[in-house]
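To start, the structure itself, in structure tokens.
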Amino acid sequence: MSYEIKREPKILKCPFCDKGQIEASYTPARVETQIARGSGMNKTTRVWVDERYQVIKDCPNCGKTASQIEKSLSKGTEESKPPSRQEILKRLKDAGLPTKV
């Protein structure tokens, strides 16, 4: 059984400049059913599909293209990446916490 995917139009802020208004089509995260058919046997599996943004227009403020904005919305920008192990250890040492157990 399949359901129609609901795509909602949204207006977002640009992830690079936080000022520009961007039009995007949003597809929410969902579970899809896939059927594998073999000789004499069918197998139904459920697969999780992540949310997706399809950017319609470029940013009028900073000039980033729609593909660059889509990439940053799906993977995140440099600021949103988790800190490296060395950065975490440095923060712990600066806070006065032990780094060895």
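Numbered per full-length UniProt numbering, the sequence shown finishes at 101, counting up by one with no gaps.
The beta-carbon is built from N, C-alpha and C at its ideal position, and this holds for glycine as well.
Keep in mind it's a predicted model, so treat the numbers as computed, not measured.
Practice problem: For the stretch 9-20 and the stretch 69-76, state whether three or more C-beta atom pairs, one from each stretch, are separated by less than 8 Å. | Solution: In short, these stretches touch, since the Cβ pair count reaches three.
Exercise. Count the other C-beta atoms from every protein chain shown that fall within 10 angstroms of the C-beta of L92, then say buried if there are 16 or more, exposed otherwise.
Key: Walking along the sequence shown from the start, residue 92 turns up at place 92. By the 10 Å Cβ count, L92 comes out exposed.
Quiz prompt | Proximity winner among Q21, P28, K19 and E23, relative to I5 (alpha-carbon distances) | solution = As a working mapping, residue 5 is identified with position 5 in the sequence shown. Check the Cα spacing between I5 and each of Q21, P28, K19 and E23: the tightest is with P28.
Quiz prompt | According to DSSP, residues forming a beta bridge with Q54 | solution = Locating residue 54 in the sequence shown gives position 54, counting from the first residue. According to DSSP, which records beta bridges pairwise, Q54 is partnered with S25.
Quiz prompt | Contact the stretch 53-68 vs the stretch 93-100: 3+ CB pairs below 8 Å | solution = The count of Cβ pairs closer than 8 Å, one atom from the stretch 53-68 and one from the stretch 93-100, stays below three, leaving the stretches out of contact.
Practice problem: Note down, in chain order, each residue of its chain lying with its Cβ closer than 8 Å to the Cβ of V31, except the 5 sequence neighbours on either side. | Solution: Within the sequence shown, the letter at position 31 stands for residue 31. Close CB contacts of V31 within its chain, under the 8 Å cut and outside five residues either way in sequence, are with R46, V47, W48 and V49 (chain order).
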